[in-house]
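Residue numbers (the numbering used here), protein chains in the order written: chain A, 275 to 426; chain B, 275 to 426.
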DNA sequence: TTTAAAATAATAATGATTATCATTAATAAT
DNA sequence: ATTATTAATGATAATCATTATTATTTTAAA
């Protein structure tokens with residue numbers, strides 16, 4: 275945890291940004307709640323518990339900054355709110371999501387499933403891929419079982 | 275064009291919805307401007323040219339309806355606006371996008387690049403895939419050439 | 001025709017995000 | 001150390017996309 279924060283600090287410094295207390299508090303919340311797909315408001319409320327004087331605008335600014343530096347990924351599940359996930363350390367790319375259309379549950383896939391596809395895009399479309407986002411919509415295991423139960 | 279509208283009409287009727295003049299005007303705009311990634315506001319202004327009495331809320335409702343029936347795809351490029359694309363007729367899935375981070379251009383890929391990946395998701399994650407969205411962020415051909423010119 | 005349901009236009013309300021601005025903290029220059 | 005400069009912040013107002021409301025109109029059914 276502390277090491278991770280140190281590295282993020284360096285990452286910020288390299289771009290001549292500082293790791294202010296507010297920013298650090300925000301990063302800590304993201305670290306504690308990894309993969310929780312927190313909205314800016316969620317983050318704000320959690321940071322407020324530790325540092326009550328922080329403002330919502332600062333949280334937005336911090337998330338935007340971290341997003342530009344690719345420390346967090348800004349995701350959109352189409353519910354009108356942006357959500358923020360700490361990017362796995364060393365991960366070159368965004369992780370993928372499985373969104374269940376029945377119960378709304380979101381699963382993560384960190385495996386790189388797109389290596390081959392990316393190659394195709396680079397060669398066939400002359401497009402230099404920097405990042406990608408992949409989301410599957412469908413029915414999760416739990417809801418599939420539910421359906422079976424209901425219909426039997 | 276007319277045939278397509280007929281089929282959409284039937285599609286609506288099958289779900290006991292009507293193809294009202296407002297809805298038809300909206301569909302026509304989407305047909306004329308296929309692949310243009312229009313926002314609700316864009317669609318509204320274009321429909322207004324043909325049918326000036328239409329209200330913005332109706333456009334939103336229509337787009338939402340068409341989206342539920344999978345006649346249009348609701349996309350989000352992270353710029354705070356939802357965009358609407360007519361789904362290619364017979365296309366079982368969403369088409370993919372290449373978004374250039376330099377110039378903002380959006381290219382379309384209609385090929386199904388994810389057949390193999392979907393199989394993996396279905397078997398390894400027990401997730402019944404219904405749809406997917408895949409977007410690549412990177413640098414398009416044009417901007418790559420630009421960079422070469424600048425650096426030389 | 002009468003009645004009920006669906007759809008609409010106009011507009012108010014909402015809610016997420018961004019902009020503004022006065023204040024404070026950090027850093028650099030003297 | 002003191003001052004000047006810049007960056008960052010908190011509070012809050014403004015913006016803007018979207019949704020809800022409501023009175024009215026259209027459509028379909030009885």
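Idealized CB from N, CA, C, for every residue including glycine.
- Across the set A:337, A:376, A:373, A:409, the C-alpha of A:409 shows the shortest separation from the C-alpha of residue 386 (chain A).
- The way I'd put it, the stretch 377-395 of chain B doesn't touch the stretch 323-343 of chain B; fewer than three beta-carbon pairs between them come closer than 8 angstroms.
- A straight-line Cα-Cα distance of about 21 angstroms links residue 290 (chain A) and residue 276 (chain A).
- Contact with chain A is found for residue 415 (chain B), since one of that chain's Cβ atoms lies less than 8 angstroms from the residue's Cβ.
- Residue contact check for residue 324 (chain A) against chain B: no CB pair falls below 8 angstroms.
- When C-alpha distances from residue 329 (chain B) are compared across B:296, B:350, B:390, B:411, the shortest belongs to B:296.
- Interface annotation, residue 405 (chain B): in contact with chain A, CB-CB separation under 8 angstroms.
- By the criterion of a C-beta distance shorter than 7 angstroms, residue 312 (chain B) is surrounded in its chain by 357, 358, once the five residues flanking it on both sides are discounted.
- Relative to residue 366 (chain B), the option among B:394, B:389, B:305, B:284 whose CA is nearest is B:389.
- Less than 8 angstroms divides the Cβ of residue 375 (chain A) from the Cβ of residue 404 (chain B).
- Note on residue 353 (chain B): under 16 other CB atoms within 10 angstroms of its CB, so exposed under the neighbour-count rule.
- Pairing residue 314 (chain B) with residue 415 (chain B), the inter-Cα distance amounts to about 29 angstroms.
- The three-state secondary structure of residue 348 (chain B), taken from DSSP, is strand.
- Residue 384 (chain B) is positioned such that its CB atom lies closer than 8 angstroms to that of residue 369 (chain B).
- Apart from sequence neighbours up to five positions away, the residues of its chain that approach residue 392 (chain A) with a beta-carbon distance below 6 angstroms are 403, ordered along the chain.
- Here residue 299 (chain A) is buried, its C-beta having at least 16 other C-beta atoms within 10 Å.
- Per the coordinates, the alpha-carbon of residue 326 (chain B) lies some 27 angstroms from the alpha-carbon of residue 350 (chain B).
- Distance from the CA of residue 292 (chain A) to the CA of residue 400 (chain A), rounded to the nearest whole angstrom, comes to 37 angstroms.
- What residue 372 (chain B) touches in chain A, judged by beta-carbon distance under 9 angstroms, is 395, 399, 401, 403, going in chain order.
- Looking at A:395, A:334, A:283, A:282, the one whose alpha-carbon comes closest to that of residue 373 (chain B) is A:395.
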